[in-house]
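S.K.: There's a structure below that I have some questions on.
Number of protein chains: 2
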Amino acid sequence: MDIYKKQVRELIPLYRHQLYDDVIPFWQKFSIDYEYGGFFTCLDREGVVFDRDKFIWLQCRQVWTFARIYNSVRKDEAWLNTALHGAEFLEKHGRDPEGNWFFSLDQSGRPLIHPYNIFSDCFAAMAFAQLYKATEETRYRKITVDTFYNILNRQKAPKGKYEKSFPGTRPLKNFALPMIMCNLVLELEYILESDLVESTIDHGISEVMDVFYQPDILNGVILENVLEDGTFSDSFDGRLINPGHILEAMWFVMDLAHRRKDSALIDKTVEISLNVLELGWDKTYGGIFYFMDVKGHPPQQLEWDQKLWWVHLEAMVAALKGYKLTGNVKMWEWFERLHRYTQERFPDSEFGEWYGYLNRRGEVLLPLKGGKWKGCFHVPRGLFQILTVLESMDIPSQN
Amino acid sequence: MDIYKKQVRELIPLYRHQLYDDVIPFWQKFSIDYEYGGFFTCLDREGVVFDRDKFIWLQCRQVWTFARIYNSVRKDEAWLNTALHGAEFLEKHGRDPEGNWFFSLDQSGRPLIHPYNIFSDCFAAMAFAQLYKATEETRYRKITVDTFYNILNRQKAPKGKYEKSFPGTRPLKNFALPMIMCNLVLELEYILESDLVESTIDHGISEVMDVFYQPDILNGVILENVLEDGTFSDSFDGRLINPGHILEAMWFVMDLAHRRKDSALIDKTVEISLNVLELGWDKTYGGIFYFMDVKGHPPQQLEWDQKLWWVHLEAMVAALKGYKLTGNVKMWEWFERLHRYTQERFPDSEFGEWYGYLNRRGEVLLPLKGGKWKGCFHVPRGLFQILTVLESMDIPSQN
């Protein structure tokens, strides 16, 4: 590893600066709604609010981010207060009478979109688990546990009555929920009973690696959707891969495998990551495509060739973790390539934070810093993950 | 008009060739499923089938197209047989027991997606109305009438149980259904009672021109969504405009206004069209944007800057009809500009038919000729509309 030490030592200040001096302050400065509570997430290039709706995914994710750095970095009261500010709004307005989390609210907290989306619940559980860790407030523990059991109850039919698929014709199951469960269970580890933690981990790993991972397709990819029996569906949904999603899942599984000291599983995640990085990389303009069809057919997603912030952050985290866990130099080379591509295009040196959406050529497609889907989450989480791994690799300077 | 006569006479053979020698034969050759019935619509650049699902919108639209040219151009039995081939599949598999049209079926006709989308019903009514006109088969008349009344019954809550909006918080109504009703009613004119035709026309025009048309926004635009009381909603949905949609609606209203000899209404549609063409035109790369935000904020549609085939065809039809009805030279100039942009980029001179999806720069984004949303409809309908208007302008050669 010695040959990379110098580079690691040079990268640490950059990522530290971006996280603590740029991104976190950007959200503290521009996102807080002092009038109604909660956060604005639709912020233009300069941080000016352009839409006031409150999307539960992003409200929860920002609570999580501030609670997480409070718990893991230092006990900065301003960080905790930001998390509490969001949690208060969520507690008051976020759920329907059955405890399901709405998809969105208006500025004042009135429900706009029904709870059709189970990921709202996943991000709520993450947020309140971190906040419970920060405060030891039992109310937050109860919200976490209630929400988690609600997710378990709903996971077989997550869309409920909003499911548009006709039963039986093409029974697909989707990768996103099993994948997020792999991460969620570690977030909730200290709240849930250890049997439930272990069985959820077993199930999550098995879903990702035995069901959605298809070793025979394109040298091994993870599909977004498979038939209930785990086989390939030759349909738009069945042929779809999302390289960013796969790479995010790979570092979730690396975390689980590391916890279990399962080096065979770590090696497998590195092998899959390398294959997906190669497959998803745009050989003409650089960057990783958003969506691809495993048969090379036109995907139905018109945004398929765009370069998204979260995809590149998740890819960097996977590459760097994979390198640290295995010493595989190819993973370091990918990390460097992704680092160069990403740092040249996504951060906005003039007004702070990162652009989210670039076109295929890497030019800014939408100048927003936050919107309906981009909030205070992937950038700070990615920077934090990268920084944590870099710091752990830079042993001499730590001691 | 004399100065344009020569140009008109030169354009007619081009549009005639594209419609009858290229586009219609392309679908006759590549789209017919001889095994299970119905049509393949997912065709790659060369016409090879890449997905076998049957989308009701596109099945119905292809039936309509072939029945329409059979009724309006000449009694070509192959055209009628193509329409009947699609209708047989639709009659057998297209509806649920309540008579609602599914959104999609698999190749063999088993339902894939529930009838959540009322536009399936609109296109079914159009298809069977044209087929009734072609065959005078009372079965087709009954399907048309049943479907039309079903649309009227569902139009207040078109998504039924699949509606995700929480009632009351932000009661938006959407432009697409009133707009399509303006066209549908003329398609069904000879089947429905004249009172119902006239009242539906009155309602359609009033919805488009008095409710969704907002004279004070950007010199007059038609919004995709307004609040139930007809006012502007400052939200992602409320700020959205779709220039192609507006221009398509404008030629629907021109047809209604022409039928009623309402020249003030015609003038209004031309005024709106000119404003929207100016607003929607990409000053950097040419072509018309897919989506825009009336306040200039980032739209939530990541595909906002793409150049779509149907947008440019609908714009050409609106410009040309508006010119013919008013003699406004600006409309002719827009037709010419759109004609040049479109003809240079969308038609595929090597393998036939038109590309559907270009990126902002006008480069091919997806090489498909048909997919989940592009079938045998906008290209032939647009070419037919343009050709009909051009021929009617070329009076000397007609007599």
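Protein chains in written order, with this note's numbering: chain A, 1 to 399; chain B, 1001 to 1399.
From the three backbone atoms N, C-alpha and C, an ideal C-beta is built for every residue, glycine too.
(1) With 16 other CB atoms within 10 Å as the buried threshold, where does residue 19 of chain A fall?
(2) Could you name each continuous alpha helix (DSSP H) segment of 4 residues or more that falls completely within the stretch 241-321 of chain A, going from the start of the chain to the end?
(3) Report buried or exposed for residue 1404 of chain B, applying the criterion of at least 16 other Cβ atoms within 10 angstroms of its Cβ.
(4) Output the distance between the C-alpha atoms of residue 1100 of chain B and residue 1240 of chain B, rounded to the nearest integer angstrom.
(5) Just the C-alpha distance for residue 1367 of chain B and residue 1110 of chain B, rounded to the nearest angstrom, thanks.
(6) Taking DSSP as the reference, what is the three-state secondary structure of residue 1029 of chain B?
(7) Kindly say whether residue 1199 of chain B, judged by its beta-carbon, lies nearer than 8 Å to any beta-carbon of chain A.
(8) Quick check on residue 1303 of chain B - is its C-beta less than 8 Å from some C-beta in chain A?
(9) Taking the alpha-carbon positions, what's the residue 1339 of chain B to residue 1014 of chain B distance?
(10) So that I know if they touch, is there some Cβ in chain A lying closer than 8 Å to that of residue 1061 of chain B?
(11) Grab me the residues of residue 1397 of chain B's own chain with a C-beta within less than 6 Å of its C-beta, minus the 5 sequence neighbours each way, in chain order.
(12) Restricting to Cα atoms, I'd like to know which of B:1160, B:1060, B:1049 and B:1164 is closest to residue 1120 of chain B.
(13) Just the C-alpha distance for residue 233 of chain A and residue 213 of chain A, rounded to the nearest angstrom, thanks.
(14) Could you name the residues of chain A that residue 1384 of chain B contacts, counting a contact when the two beta carbons are closer than 7 Å?
(15) Which word fits residue 384 of chain A, buried or exposed, when buried means at least 16 other C-beta atoms lie within 10 angstroms of its C-beta?
(16) Would you kindly work out how many angstroms separate the C-alpha atoms of residue 1300 of chain B and residue 1315 of chain B, rounded to a whole number?
(17) List the whole-angstrom C-beta distance separating residue 1024 of chain B from residue 1380 of chain B, where the pair is believed to meet the contact cut-off of C-beta under 8 Å.
(18) Measuring CB to CB, does residue 1389 of chain B end up less than 8 Å from residue 1324 of chain B?
(19) Could you give the first and the last residue of the continuous alpha helix (DSSP H) run that contains residue 1049 of chain B?
(20) So residue 156 of chain A is in the alpha helix (DSSP H); what residue range does that whole segment cover?
(21) At a Cβ cut of 8 Å, what residues of the stretch 110-122 of chain A count as close to chain B, listed as they run along the chain?
(22) Please state whether the Cβ-Cβ distance between residue 130 of chain A and residue 74 of chain A is less than 8 Å.
(23) Can the beta-carbon of residue 244 of chain A be found less than 8 Å from the beta-carbon of residue 317 of chain A?
(24) Short check: CB of residue 1400 of chain B to CB of residue 165 of chain A, under 8 Å?
(25) Residue 1248 of chain B to residue 1256 of chain B, Cα distance in whole Å?
(26) Could you give the residue range of the alpha helix (DSSP H) that holds residue 178 of chain A?
(27) Quick one: residues in its chain with C-beta nearer than 8 Å to the C-beta of residue 1114 of chain B, no 5 flanking neighbours on either side, listed in chain order?
(28) Cα separation between residue 1045 of chain B and residue 392 of chain A?
(29) Alpha carbon to alpha carbon, how far is residue 260 of chain A from residue 268 of chain A?
(30) Following the continuous alpha helix (DSSP H) through residue 966 of chain B, name the residue where it begins and the one where it ends.
(31) Give the single residue among A:4, A:10, A:47 and A:7 whose Cα lies nearest to the Cα of residue 353 of chain A.
(32) Give me the residue from A:205, A:357, A:176 and A:9 with the minimum Cα distance to residue 342 of chain A.
(33) Verify the CB distance criterion: does residue 1286 of chain B have a CB-CB separation below 8 Å to chain A?
(34) Which chain A residues sit within Cβ distance under 8 Å of residue 1371 of chain B?
M.R.: With the structure as the only source:
(1) Buried, since its Cβ has 16 or more Cβ neighbours within 10 Å.
(2) Runs of the alpha helix (DSSP H) lying entirely within the stretch 241-321 of chain A, each at least 4 residues long, are 243-259 and 263-280 in chain order.
(3) Not covered by the structure: residue 1404 of chain B. The range shown for chain B is 1001 to 1399.
(4) Our two residues, residue 1100 of chain B and residue 1240 of chain B, have alpha carbons roughly 29 Å apart in a direct line.
(5) Whole-angstrom Cα-Cα distance: 28 Å.
(6) Reduced to three states, the DSSP call for residue 1029 of chain B is helix.
(7) Against chain A, the CB of residue 1199 of chain B has no partner CB under 8 Å away; the residue lies outside that interface.
(8) Judged by the 8 Å Cβ criterion, residue 1303 of chain B is in contact with chain A.
(9) Taking the CA atoms as reference points, residue 1339 of chain B sits about 11 Å from residue 1014 of chain B.
(10) No, residue 1061 of chain B lies away from the interface with chain A (no Cβ there is under 8 Å from its Cβ).
(11) With a pLDDT of only 45 at residue 1397 of chain B, under 50, the local geometry of the prediction cannot be trusted, and the value read off the model is given with reservation. Hits under 6 Å: none found.
(12) Selected option, being the one with the closest Cα: B:1060.
(13) Using only the alpha carbons, I get a separation of about 13 Å.
(14) For residue 1384 of chain B, there are no neighbours in chain A by C-beta distance under 7 Å, as the nearest C-beta there is about 26 Å away.
(15) Buried, by the Cβ-count rule.
(16) If you take the alpha carbons of residue 1300 of chain B and residue 1315 of chain B, they lie about 23 Å apart.
(17) Rounded, the Cβ-Cβ distance is 6 Å, consistent with contact.
(18) Yes; because the gap between Cβ atoms is below 8 Å, this pair is in contact.
(19) Premise fails: residue 1049 of chain B lies in the beta strand (DSSP E), 1049-1051, not in any alpha helix (DSSP H).
(20) First-last for residue 156 of chain A: undefined, no H or E at that position.
(21) Those would be 110, 111, 112, 113, 114 and 116, in chain order.
(22) Residue 130 of chain A is not a Cβ neighbour of residue 74 of chain A, given a cutoff of 8 Å.
(23) In this structure, residue 317 of chain A does not lie closer than 8 Å to residue 244 of chain A by Cβ.
(24) This structure leaves residue 1400 of chain B out entirely; chain B is present only between 1001 and 1399.
(25) Taking the CA atoms as reference points, residue 1248 of chain B sits about 13 Å from residue 1256 of chain B.
(26) Where residue 178 of chain A is concerned, the enclosing alpha helix (DSSP H) stretches over 176-187.
(27) The beta carbon of residue 1114 of chain B lies closer than 8 Å to those of 1096, 1102, 1103 and 1162 in the same chain, with the five residues before and after it left out.
(28) Answer to the nearest angstrom: the Cα atoms are 51 Å apart.
(29) CA-to-CA, the gap between residue 260 of chain A and residue 268 of chain A works out to about 14 Å.
(30) Any question about residue 966 of chain B goes unanswered here, given that chain B covers just 1001 to 1399.
(31) Residue A:47 is the option with its Cα nearest to residue 353 of chain A.
(32) Of all alpha-carbon atoms in A:205, A:357, A:176 and A:9, the one lying nearest the alpha-carbon of residue 342 of chain A is that of A:357.
(33) Among the CB atoms of chain A, none fall inside 8 Å of the CB of residue 1286 of chain B.
(34) Chain-order list of chain A residues neighbouring residue 1371 of chain B: 298 and 300, by C-beta distance under 8 Å.
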